[in-house]
Amino acid sequence: MWHDALLVAGKDLRIEARSRVGLNQVVPFAVLVLVLFAFALDPDQDVLVKAAAGLFWVAVLLATLLAVQRSAGLESGDGIPDALRLSGLDPAGIFLGKAAAVAVQLVVLEIVLGVGVVVLYGVDISGIGILAATMVAATIGLAASGTLYGVLAGGLRVRETLLPLLLLPVVAPVLIAATRASEAALTGLSVDVAPGDWLGLLAAFAAIYLAFGVVAYGTLLEDS
Amino acid sequence: MDPVVRFRAAVCLLGRFPALAGLDLDVGAGEVVLLSGPNGAGKTTLLRAVAGLVPVVRGEAVVCGHDLRVDRRAVRPHVGLLGHAGGLYPDLTVRENVTFWARAADRGVRPDDALRRAGVDTRTDGIVVDRLSAGQRRRAALAALLVRRPEVWLLDEPHAGLDAEGRDLLDALVTDAAAAGATVLLASHELERATPLATRQVEVAGGAAVEMVDVVTVIGGVPHVA
């Protein structure tokens, strides 16, 4: 399973490095979302700072949709679904590999967006450790759930419009928990619930979707 | 000896349409069976069913000793399918594609050997598949098939898109594979090209009837229609 996961992750990242869809489209899109939020809330800088964590994660979430659609689209090319089924690759390995490749892209995106909120919103980051832990846990959860719903919608002609409808409600807990967990680190304001509790929720979400993906991906791949 | 492919009254549904409706077929090791018949007869569905990609919902279907009605995934490591679509990633080079599928199959076949046997020009193996001609893609797909070292070759219109040299090369590969004991099912409308390759021709009609049209025996390397 791990050999197959590495093989698939390497393949997906190689394709992304060559096609540069992530670099040329997904990252600019996410930065644009941040800029548009800044335009909308610019008259009130305080609101922008207070909302920075939420806006950051909304931008990540929207970019995740693009990254997941792209990842699922790679496997829907001419004859590739059949080739994958015949390949002998462990479906769990395919799932983990694809999720890992999406996660790597999201981490790069989050670093760029982190710089973006500092520059555009005037945020002063105070808790880099909490922020990093939140990013890791949220990213794994987003990548795992996104990869799972990506293959679910992958075989459908309407996958571009169906995937957001399926995925956004599912990842709403990630948006809430990641925003709350990183609020103090990004805004410097005190929060009611300790970030560690929200981190626990993010870790649980990631663990559940990783486990579910490992078990269910093969069946979903058959039906896609 | 048990046949490598044994279908009895096999039924496959595409939605509610019976693409195979009670099909009987036995194919032994080393045989090259040409599947002929009109469009929509069920040839492609038959190849996909043998590969374990389409469920057989009724009847008997055994390939390489695996009962497809019990576990159709079990047969997949034993088969190689060259379909209408190549199964190649358009943003990877030919070499990267073939290497990926070789590592996935893990059958010990070196990608370089497969590329050479498939006649992939060394000048094109570093070009992304998206930029290749249809014939070059076909050769790349053939190389991806070779790295699987399949026991059962499933070829759907394999000559399509290939130039004369590529067709000769494909024919030689099929002949060599059969001589080495592989089983080959070949669906084609190009009967003049495909018939000399085959040891047997089977007509598929309406997914329901399979008729033995004629038998080809190879004597001293020269095919003779009986």
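Chains as they are written, first to last, in my numbering: chain V, 479 to 702; chain E, 1320 to 1545. Note that the Cβ used here is the ideal one computed from N, Cα and C, for glycine as well.
Residue-level contact check: L1366 of chain E does not touch chain V, since none of the beta carbons of chain V fall below 8 Å from its beta carbon.
Neighbours of D1475 of chain E in chain V, taken as residues whose beta carbon is under 9 Å from its own, are absent, since the nearest beta carbon is some 10 Å off.
The beta carbons of L1461 of chain E and L1489 of chain E sit closer together than 8 Å. Shown here, V486 of chain V sits in a helix according to DSSP, grouped into three states. The region 1362 to 1377 of chain E makes no contact with the region 1436 to 1452 of chain E: fewer than 3 CB pairs, one atom from each, lie closer than 8 Å. Given a length threshold of 4 residues, each whole run of the alpha helix (DSSP H) inside the region 1424 to 1460 of chain E is given here in chain order: 1430 to 1436. The C-beta of A631 of chain V has 16 or more other C-beta atoms within 10 Å across all chains shown, which makes the residue buried.
Think of a sphere of 8 Å around the beta carbon of S549 of chain V: no beta carbon from chain E falls inside it, the nearest being about 12 Å out. For K576 of chain V, no Cβ of chain E is located within less than 8 Å of the residue's own Cβ. Straight-line spacing of the CA atoms in L688 of chain V and H1403 of chain E works out to 35 Å. Here T1412 of chain E is bridged, per DSSP, to E:V1447. The region 533 to 540 of chain V and the region 649 to 657 of chain V touch, with three or more beta-carbon pairs separated by less than 8 Å.
The DSSP-derived three-state label of L540 of chain V is helix. Contact of A621 of chain V with chain E is not assigned, every C-beta pair being separated by 8 Å or more. Not a single CB atom of chain V sits nearer than 8 Å to the CB of D1390 of chain E. Nearest in C-alpha terms to A1463 of chain E, of all of E:L1411, E:T1494, E:A1513, is E:L1411. Within the region 500 to 529 of chain V, not one residue has a Cβ closer than 9 Å to any Cβ of chain E. For L1353 of chain E, the closest of E:P1409, E:A1517, E:A1524, E:P1322 by C-alpha to C-alpha distance is E:A1517. Here A1479 of chain E carries a coil assignment [DSSP, helix/strand/coil]. Around the Cβ of T625 of chain V, a 10 Å sphere holds 16 or more other Cβ atoms; the residue is buried. Close to chain V, meaning a Cβ-Cβ distance shorter than 8 Å, are the following residues of the region 1409 to 1431 of chain E: P1409, D1410, L1411, E1415, F1419, W1420, R1422, A1423, A1424, D1425. A residue is called buried when at least 16 other Cβ atoms come within 10 angstroms of its Cβ; P1357 of chain E does not meet this threshold and is exposed. Selection E:V1382, E:S1507, E:P1409 evaluated against E1476 of chain E yields E:S1507 as nearest (Cα-Cα). Judged by DSSP in its simplified three-state form, R492 of chain V adopts helix. Judged by their CB atoms, H1397 of chain E and P1469 of chain E are nearer to each other than the 8 Å cut-off. A direct Cα-Cα distance of roughly 44 Å separates T1441 of chain E from M613 of chain V. L1407 of chain E is a Cβ neighbour of A1459 of chain E, given a cutoff of 8 Å. One alpha carbon belongs to D701 of chain V, the other to A1453 of chain E, and they sit about 29 Å apart. For L1372 of chain E, no alpha helix (DSSP H) segment is defined, and its DSSP state is neither H nor E.
Closer than 8 Å to the CB of V1523 of chain E there is not a single CB belonging to chain V. The three-state reading of DSSP puts E1522 of chain E in strand, counting E and B together. Between A684 of chain V and G619 of chain V, the C-beta spacing is below 8 Å. Counting C-beta pairs with one atom in each stretch, the region 583 to 590 of chain V and the region 503 to 519 of chain V have three or more that are closer than 8 Å, which means they touch.
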